[in-house]
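Everything below concerns the one structure shown next.
Residue numbers (the numbering used here): 8 to 193.
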C-alpha cells in the first residue's frame, strides 16, 4: 500500500496533532484529509513553514493549559446546593446528573462544560456532601463540591379537600355518536 506524507493543520483523533508530519494511505489523504483542510502535502516550502506551525501549536496549548488551570481554581472555590424532593422514608424522587452539574456551573461561573467531562459514575440520589471530578484539560482536573438537600414532597390533600370527580357519562357507541352528529349539522 503506497503511503503519502502530510502535515496536519489541526488535531485529528487517532492520527496526530496540529503540525505533525504523518504518513497515511493515499485514499485517506485524497478523500478525507485534503478536501476537509485537515492536512496538506509535504513540500520543501511546507517544511520551512512547519516550525512556525509548531510554535503556534505550542503557544495555543500553553494558553489552553493556563485557561484550564484558572477555570479549575474557580470551580474548586464553588460549593453548590441541590435540592431533591424526597418521600417520607427519605428516598429521593429525582437525582443530580452530570447535566445538572454542568448547568449549575454555567449559571455560577458562566462557562459551559461538556457533560462528558464531568466524571460522575452514576446520578446522585442520596443527600449529603458529594464531590465530582471534572476533566478540563488532559493535564488539569477540578474537584467540584456540592451538597444535596432534601425537600419534603408535596403532601397529598386530605380526602375531604380533594375535588369531587365528575359523574361518569353514559358511553355511546361510535356509530350512534356519528349519526347523531350528522343529524345536528343537517
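Even glycine gets a Cβ: it sits at the ideal position worked out from N, Cα and C.
The alpha-carbon separation between residue 71 and residue 121 amounts to approximately 16 Å. When C-alpha distances from residue 118 are compared across 16, 24, 141, 10, the shortest belongs to 141.
Spanning the alpha carbons of residue 52 and residue 78 requires a straight line of approximately 39 Å. Taking each of 68, 155, 84 in turn and checking the Cα distance to residue 100, the smallest one comes out for 155. Between the alpha carbons of residue 56 and residue 46 lies a distance of about 13 Å. The Cβ atoms of residue 85 and residue 158 lie no closer than 9 Å to each other.
DSSP, read as helix, strand or coil, puts residue 64 in helix. Residue 127 is positioned such that its CB atom lies closer than 9 Å to that of residue 104.
Residue pairing from DSSP leaves residue 49 without any beta-bridge partner.
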